[in-house]
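In the numbering used here, the protein residues as written are 1 to 132.
Working notes, structure below.
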């Protein structure tokens, strides 16, 4: 005879595996600091690429003005402003990345703990059934 409670718990496990299992997989594989560091490294690389692409687009858009003022441009001042802008943009972007992935890891870890709780309950129900 089927144990309704065990079937219900196994259904919850199957639903989790199908819907959220892949999303929560990194929460099992990595420690929090490693997971966040990996995501911040990816964000740093992509943010740097995006910043320089935007700088090139800006330069192309203002090419005519730049060519007209080529003799009067202070390269050092432009470089300092560019570095400061890059640092500020990356600082904000990496802070947002840290917060987002910290929250994702915490929520995912909570979901994994609930999954393990249901798994332990299924194991307990199997043991109880074997003893009877």
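By construction, the Cβ of each residue, glycine as well, lies at the ideal position given by its N, Cα and C atoms.
Less than 9 Å between the beta carbons of residue i and residue j, yes or no?
i	j	result
residue 32	residue 102	yes
residue 21	residue 89	no
residue 133	residue 93	No answer is possible for residue 133: the residues shown for the chain start at 1 and end at 132.
residue 98	residue 51	no
Give the range of the alpha helix (DSSP H) segment to which residue i is assigned.
i	result
residue 9	4-19
Please return the same chain residues whose Cβ sits closer than 8 Å to the Cβ of residue i, not counting the five positions on each side in sequence.
i	result
residue 125	3, 5, 6, 9
residue 122	6, 9, 10, 13
residue 28	112
Can you list, in chain order, the residues of its chain with a C-beta nearer than 7 Å to that of residue i? Leave out the 5 residues immediately preceding and following it.
i	result
residue 118	9, 12, 13
Sequence ranges, alpha helix (DSSP H) only - wholly within the stretch 43-88, length at least 4 | 63-68
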